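Below is one structure, written out as structure tokens; the observations come after it.
Chains as they are written, first to last, in this note's numbering: chain A, 1220 to 1552; chain B, 22 to 313.
Right, dumping it as structure tokens:
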């Protein structure tokens, strides 16, 4: 962080400085991921009782299975060695074995991933379109009934949890009107899309509200700037000033804040998928916790945190593309 | 007290948080929300005496009763009285998040003050740790806690307190670092007061309003997260009434076109969270307006 302030343009290439900042960001990301993996790994030892019996709690494993666990976790090795072996496995996609599914944890999660990615993708699209759209309308029509409506929707929308939205949507559009299926993933591309509509809306309600608020605030901040007034007074059409000067500048904060919402959204898939009986990674997490399949829980927790960290690092690295001023200053912050 | 005898420019009079609280009221919207919260608080405290029936027991002969004199809001598929469950459910639904916010705020203040006071590498290290914690969403940490310690409310509440800590800690650190350079703090230090004394008696009262505003907003989010946990069947366990688990139980009722037992607690959640957010934002605006 101090790197951003230390460099003040001047001579010397901006390219190397930018690369250095990017490198520093990547190193920070790697540290975060490493610490996260360590926390997730060692969380097992927080559980009351002996770790082996915790891992097989509620089941009567064969001696062979017990041996596999002992070997995989290396319970005879010192703690750092154990962690290292586990990490090596994780980096190769080996998260251990699921007792619930009698498969590798990696395979179980992998098979559930497409459904969740579709849900998240459709939701992100909805959030981007309606969140940014409503935010722009609110900012441009500030103080009118349109703005008041947007503000009201933001206040209520931010308070509607995704599982409540899921129940309501299911009740109205699934059960009473019968427009959409109320359960499962669906078969084939079109049917899957049909199945994902209500869950995606349920998942996007809260986050659309949050993105709307961020967009509205960022747009209002930019609209107040002098350069906007100057551009308008020089006779540049309002529409083009808004698009090229206001929205373009507001995009930075919008993207940065939205990226921070990703972790909450990934966890909320657990709620929506459970409510709609979809087989995805989120519902797998709930199932694994209920049935004490701890290695699956570990894998998903690690996946969610890693996805959040990666996305935010990516946004930071790509930020100069959104806002070239940052690149000109020679930092990726 | 000796500190007060200092020249008033160096030691501005301490702002009394209670006086702010008394001037809490604002627009009709804020006042309405305050009334709503007060009503829910009273209901939570007096729940066992207010509930007309015991929501833990249901008669199967009264499954899906329509709203009427016997059951004001009808019953669910187990014959449990929805109105009574709503009333008794306020306890876990409100006191759970309260515990989260109290833990997170107290610990956050401690960490933030310590970090700002020490500065240097300690400050930087604490900042890195908070960054990492920030990557763990509260609900995920709560779910992990359930996986480790079993279903219930205690472990998730503590886990969520840890997840909410960075928000308060960062806020407090920023405020305290700014406040630290002001003359009244130097005046305290010159008199030889210990860092703890200066932080608690000098700094803390001046940042309390902002921290309270943050805590109010956090309360709404914590309520949503804990309700979500109970909705997943991992938090409060039936027959203990709780809004989140009522919605969970009501899912099958929704499919049988008897959605009332799920919709009533859902509305309660939305109402309380909206009220908390409105009051919290109002508080934040006021503090910012006055302290700016």
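C-beta: ideal position from N, C-alpha, C; glycine also.
Predicted, not measured: the structure shown is a model, and the values here were computed from it.
CB contact check: residue i to chain B, cutoff 8 angstroms
i: residue 1383 of chain A; result: yes
i: residue 1380 of chain A; result: yes
i: residue 1339 of chain A; result: no
i: residue 1224 of chain A; result: With a pLDDT of 42 at residue 1224 of chain A, under the threshold of 50, the modelled position of that residue is not reliable, and the figure given next carries that caveat. Not closer than 8 angstroms to any Cβ of chain B, the Cβ of residue 1224 of chain A fails to qualify, so no.
i: residue 1363 of chain A; result: no
i: residue 1298 of chain A; result: no
i: residue 1266 of chain A; result: yes
i: residue 1389 of chain A; result: yes
i: residue 1541 of chain A; result: no
i: residue 1395 of chain A; result: yes
i: residue 1509 of chain A; result: yes
Alpha carbon of residue i to alpha carbon of residue j, nearest angstrom
i: residue 187 of chain B; j: residue 223 of chain B; result: 23 angstroms
i: residue 1238 of chain A; j: residue 1536 of chain A; result: 10 angstroms
i: residue 82 of chain B; j: residue 1500 of chain A; result: 39 angstroms
i: residue 1464 of chain A; j: residue 1538 of chain A; result: 17 angstroms
i: residue 153 of chain B; j: residue 159 of chain B; result: 13 angstroms
i: residue 1346 of chain A; j: residue 1258 of chain A; result: 32 angstroms
i: residue 1490 of chain A; j: residue 198 of chain B; result: 39 angstroms
i: residue 1532 of chain A; j: residue 1245 of chain A; result: 7 angstroms
i: residue 94 of chain B; j: residue 277 of chain B; result: 17 angstroms
i: residue 273 of chain B; j: residue 217 of chain B; result: 55 angstroms
i: residue 307 of chain B; j: residue 177 of chain B; result: 33 angstroms
i: residue 1493 of chain A; j: residue 1388 of chain A; result: 14 angstroms
i: residue 1472 of chain A; j: residue 1437 of chain A; result: 7 angstroms
i: residue 275 of chain B; j: residue 1408 of chain A; result: 28 angstroms
i: residue 170 of chain B; j: residue 1446 of chain A; result: 57 angstroms
i: residue 1543 of chain A; j: residue 49 of chain B; result: 45 angstroms
heavy atom of the ligand FAD below 7 angstroms from residue i C-beta
i: residue 154 of chain B; result: In the structure shown, the ligand FAD is absent, as is every other ligand, since no ligand is present at all.
Short CB-CB distance (under 8 angstroms) between residue i and chain A
i: residue 298 of chain B; result: yes
i: residue 272 of chain B; result: yes
i: residue 61 of chain B; result: no
i: residue 295 of chain B; result: yes
i: residue 152 of chain B; result: yes
i: residue 164 of chain B; result: yes
i: residue 291 of chain B; result: yes
i: residue 313 of chain B; result: The predicted position of residue 313 of chain B is uncertain, since its pLDDT is 33 and thus under 50; a value taken from the coordinates is nonetheless stated next. Output row for residue 313 of chain B: interface = no.
i: residue 179 of chain B; result: no
i: residue 57 of chain B; result: no
i: residue 268 of chain B; result: yes
i: residue 195 of chain B; result: no
i: residue 158 of chain B; result: yes
i: residue 252 of chain B; result: yes
i: residue 170 of chain B; result: yes
i: residue 275 of chain B; result: yes
i: residue 167 of chain B; result: yes
Nonlocal neighbours in the same chain, by C-beta distance under 6 angstroms from residue i, ignoring five residues either side
i: residue 1228 of chain A; result: In this predicted model, residue 1228 of chain A has a pLDDT of only 43, less than 50, meaning its place in the structure is not dependable; the value taken from the coordinates is given anyway. Result list for residue 1228 of chain A: empty, nothing under 6 angstroms.
i: residue 1302 of chain A; result: 1260
Reference residue i; option with closest CA among the options
i: residue 1485 of chain A; options: A:1471, A:1474, A:1503 and A:1468; result: A:1503
i: residue 1299 of chain A; options: A:1264, A:1337, A:1275 and A:1443; result: A:1264
i: residue 116 of chain B; options: B:227, B:65 and B:95; result: B:65
i: residue 260 of chain B; options: B:109, B:59 and B:94; result: B:109
i: residue 1423 of chain A; options: A:1256, A:1314, A:1331 and A:1351; result: A:1351
i: residue 247 of chain B; options: B:118, B:197, B:307 and B:103; result: B:118
i: residue 150 of chain B; options: A:1420, A:1250, A:1497 and A:1468; result: A:1250
i: residue 1275 of chain A; options: A:1498, A:1379 and A:1507; result: A:1507
i: residue 1513 of chain A; options: A:1292, A:1252 and A:1240; result: A:1292
i: residue 258 of chain B; options: B:243, B:203 and B:175; result: B:175
i: residue 265 of chain B; options: B:114, B:155 and B:241; result: B:114
i: residue 196 of chain B; options: B:226, B:87 and B:162; result: B:226
i: residue 245 of chain B; options: B:219, B:77 and B:121; result: B:121
i: residue 270 of chain B; options: B:97, B:202, B:62 and B:50; result: B:97
i: residue 1332 of chain A; options: A:1543, A:1544 and A:1526; result: A:1526
i: residue 1310 of chain A; options: A:1253, A:1469 and A:1269; result: A:1253
Residues near residue i by beta carbon distance below 8 angstroms, same chain, minus five either side
i: residue 238 of chain B; result: 297, 298, 301, 302 and 305
i: residue 1377 of chain A; result: 1425, 1428, 1429 and 1432
i: residue 179 of chain B; result: 124 and 166
i: residue 1323 of chain A; result: 1313, 1314, 1315, 1316 and 1317
Cβ shell of residue i (< 7 angstroms), same chain only, five flanking positions each side left out
i: residue 1530 of chain A; result: 1478 and 1481
i: residue 1475 of chain A; result: 1534
i: residue 1306 of chain A; result: 1256
i: residue 1498 of chain A; result: 1331, 1334 and 1404
Q: Please confirm if the segment 242-252 of chain B is in contact with the segment 1376-1395 of chain A, defined as three or more CB-CB distances below 8 angstroms between the two stretches.
A: Taking a contact to require three or more Cβ pairs closer than 8 angstroms, the segment 242-252 of chain B and the segment 1376-1395 of chain A qualify as touching.
Q.
For the structure I just gave you, are there three or more beta carbon pairs, one from the segment 1519-1527 of chain A and one from the segment 1410-1427 of chain A, closer than 8 angstroms?
A. No, they do not touch.
Q) Should the segment 135-142 of chain B be regarded as contacting the segment 1454-1469 of chain A, the criterion being three or more beta carbon pairs within less than 8 angstroms? A) No, the segment 135-142 of chain B is not in contact with the segment 1454-1469 of chain A.
(Q) For the pair the segment 1389-1406 of chain A and the segment 286-296 of chain B, tell me if three or more CB-CB distances fall below 8 angstroms. (A) The answer is no - the segment 286-296 of chain B does not touch the segment 1389-1406 of chain A, with fewer than three Cβ pairs under 8 angstroms.
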